[in-house]
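Data block below; observations after.
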Amino acid sequence: MRAEERQHRILVLARQAGRVDVTDVAGEFGVARETVRRDLSELERRGLVRRTHGAAYPVESAGFETTLARRETQHVAEKRRIAAAAVQLVGEAETVFVDEGYTPELVAMLLPTDRQLTVVTSSLRTASLVSASDAVTVLLLGGRVRSGTQAAVGSWARDMLAGFVIDLAFLGANGVSREHGLTTPDPTVAEVKAQAVRSSRRRVLIGVHSKFGASSFCRFAAVRDMDTIVTDTGLSAPEAHRYTLLGPQVLRV
Numbered sequence: 001m002r003a004e005e006r007q008h009r010i011l012v013l014a015r016q017a018g019r020v021d022v023t024d025v026a027g028e029f030g031v032a033r034e035t036v037r038r039d040l041s042e043l044e045r046r047g048l049v050r051r052t053h054g055a056a057y058p059v060e061s062a063g064f065e066t067t068l069a070r071r072e073t074q075h076v077a078e079k080r081r082i083a084a085a086a087v088q089l090v091g092e093a094e095t096v097f098v099d100e101g102y103t104p105e106l107v108a109m110l111l112p113t114d115r116q117l118t119v120v121t122s123s124l125r126t127a128s129l130v131s132a133s134d135a136v137t138v139l140l141l142g143g144r145v146r147s148g149t150q151a152a153v154g155s156w157a158r159d160m161l162a163g164f165v166i167d168l169a170f171l172g173a174n175g176v177s178r179e180h181g182l183t184t185p186d187p188t189v190a191e192v193k194a195q196a197v198r199s200s201r202r203r204v205l206i207g208v209h210s211k212f213g214a215s216s217f218c219r220f221a222a223v224r225d226m227d228t229i230v231t232d233t234g235l236s237a238p239e240a241h242r243y244t245l246l247g248p249q250v251l252r253v
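Read in UniProt numbering, the sequence shown has 52 at position 52, and its numbers run on one by one without any break.
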């Protein structure tokens with residue numbers, strides 16, 4: 001099997017499973033682990049995967065994005081810890097923006113219900129979940145709904161969001177890097193996220209360690225635009241410190 005064909009098949013496996021392990025791939029294709037490492041290095045050079053020790057994760061891009069259903073099965077324990085830590089940052093905020101995505105959805109489910117709170121969101125699922133509380137007022141942004149994420153995107157959602165001044169925003173990203181900032185595959189999603197950054201007094205980025213070091217297609221914010229980053233301990237302490245040097249506090253949970 002030629003290297004190009006093997007690399008293509010490795011990428012397909014990574015996108016299907018959410019990650020690939022060097023040892024498993026070596027066994028699958030009957031090649032040495034060093035060969036797989038070279039393949040993954042080439043895929044990383046092309047921006048298609050992000051390598052970690054002994055494994056690699058697919059990078060979401062203009063041509064590939066995981067669905068909400070897939071995100072519900074990956075790093076679930078870490079995402080729950082991140083959500084629990086992030087919701088502690090609400091403080092006295094009276095208006096909160098909750099981004100699309102599974103981790104923001106987990107945050108929304110933990111928002112306080114013992115006082116009046118207004119939640120602005122582009123996510124149909126989040127709106128449905130939090131609207132059950134009498135104490136919470138939900139403002140659902142309008143626009144085209146993407147089937148994979150069940151969220152409104154585009155100029156209608158952006159323009160509606162531009163009319164608000166929001167106390168706190170919980171934001172997700174498909175990729176986070178010190179060089180390229182916060183990125184997402186779809187320009188219409190980036191429009192909404194960028195406006196949420198502009199409209200909010202405080203901004204909290206929530207995301208698992210596999211997002212860090214990866215860059216997707218559309219940049220919607222710089223790392224320095226975030227006040228706090230909440231992630232899991234899969235992001236090493238030295239790497240977390242490098243992000244703090246750009247401005248935000250980084251919480252590893």
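Note that CB positions come from ideal geometry on N, CA and C, so glycine has one too.
Along the chain, where does the beta strand (DSSP E) containing R50 start, and where does it finish?
Here residue 50 refers to the residue found at position 50 of the sequence shown. Note, R50: beta strand (DSSP E), V49 to T52.
Examine the ligand MG and report whether any of its heavy atoms sits within less than 7 Å of the Cβ of E42.
Inclusion of the ligand MG in the displayed structure is not the case, the ligand content being empty and no account of it being possible.
Is it buried or exposed for D134, if we count other Cβ within 10 angstroms and need 16 for buried?
Walking along the sequence shown from the start, residue 134 turns up at place 134. Exposed, since its Cβ has fewer than 16 Cβ neighbours within 10 Å.
Could you tell me which of E34, R33 and E44 sits nearest to H8, measuring between CA atoms?
To locate residue 8, count along the sequence shown from 1; it is residue 8. Closest by alpha carbon: E44.
Short of 7 Å in beta carbon distance, which residues of its chain neighbour R15, apart from the five on each side in sequence? Order them along the chain.
What you label residue 15 is simply residue 15 of the sequence shown in a count that begins at 1. Answer for R15: P58 and F64, listed in chain order.
What is the rounded straight-line gap between the Cα of D99 and the Cα of A169?
Looking up residue 99 in the sequence shown gives position 99. Looking up residue 169 in the sequence shown gives position 169. Looking at the two C-alpha atoms, the distance is approximately 8 Å.
Is the separation between the beta-carbon of T126 and that of E94 shorter than 8 Å?
Position 126 of the sequence shown, counting from 1, holds the residue named residue 126. Position 94 of the sequence shown, counting from 1, holds the residue named residue 94. No, they are not a contact pair.
How about A132 and L161: are their beta carbons less than 8 Å apart?
Translated into the one-based positions of the sequence shown, residue 132 becomes position 132. Translated into the one-based positions of the sequence shown, residue 161 becomes position 161. Not closer than 8 Å, so no.
Counting pairs of Cβ atoms below 8 Å between the segment 98-113 and the segment 71-81, do you hit three or more?
Touching, per the Cβ criterion.
Could you spell out the range, first to last residue, of the alpha helix (DSSP H) harbouring V107?
The sequence position of residue 107 within the sequence shown is 107, counting from 1. Y102 to M109 is the extent of the alpha helix (DSSP H) around V107.
Could you give the DSSP three-state label for F97: helix, strand or coil?
The residue given as residue 97 occupies position 97 in the sequence shown. Residue state, collapsed to three classes: strand.
Consult DSSP for S61 and reduce its assignment to one of helix, strand or coil.
Your numbering for residue 61 matches position 61 in the sequence shown. Note: S61 maps to strand in three-state DSSP.
Taking DSSP as the reference, what is the three-state secondary structure of Q249?
To locate residue 249, count along the sequence shown from 1; it is residue 249. Residue state, collapsed to three classes: strand.
Among E60, F212 and R37, which has the Cα closest to the Cα of S240?
Walking along the sequence shown from the start, residue 240 turns up at place 240. The sequence given here has Ala at residue 240, not Ser. Measuring from the Cα of A240, the nearest candidate turns out to be F212.
Is the distance from the Cβ of V165 to the Cβ of S122 below 8 Å?
What you label residue 165 is simply residue 165 of the sequence shown in a count that begins at 1. What you label residue 122 is simply residue 122 of the sequence shown in a count that begins at 1. Against a cut-off of 8 Å, the Cβ pair of S122 and V165 comes out as no contact.
Using the rule of at least 16 other Cβ atoms within 10 Å of the residue's Cβ for burial, across every protein chain shown, is R224 buried or exposed?
Within the sequence shown, the letter at position 224 stands for residue 224. It counts as exposed.
Bridge partners of D21, per DSSP?
Here residue 21 refers to the residue found at position 21 when the sequence shown is read from its first residue. D21 pairs with A55.
Can you check whether the CB of L246 is closer than 8 Å to the CB of R219?
Here residue 219 corresponds to residue number 219 of the sequence shown, with the count starting at 1. Here residue 246 corresponds to residue number 246 of the sequence shown, with the count starting at 1. Their beta carbons are not under 8 Å apart, which means R219 does not touch L246 by this criterion.
Is the beta carbon of D227 less than 8 Å from the beta carbon of V204?
Taking the first residue of the sequence shown as 1, we reach residue 227 at position 227. Taking the first residue of the sequence shown as 1, we reach residue 204 at position 204. The answer is yes: Cβ separation under 8 Å.
Can you look up T184 in the DSSP assignment and give me helix, strand or coil?
Sequence index remark: in the sequence shown, residue 184 carries index 184 (1-based). Strand, per DSSP.
Starting from the Cα of Q150, find the closest Cα among V20, V12, V230 and Y102 and give me that residue.
Your numbering for residue 150 matches position 150 in the sequence shown. Comparing Cα-Cα distances from Q150 to each of V20, V12, V230 and Y102, the minimum goes to Y102.
Could you please give the first and the last residue of the uninterrupted alpha helix (DSSP H) stretch that includes D167?
By one-based count along the sequence shown, residue 167 stands at place 167. Careful: D167 lies outside any alpha helix (DSSP H), inside the beta strand (DSSP E) at I166 to L171.
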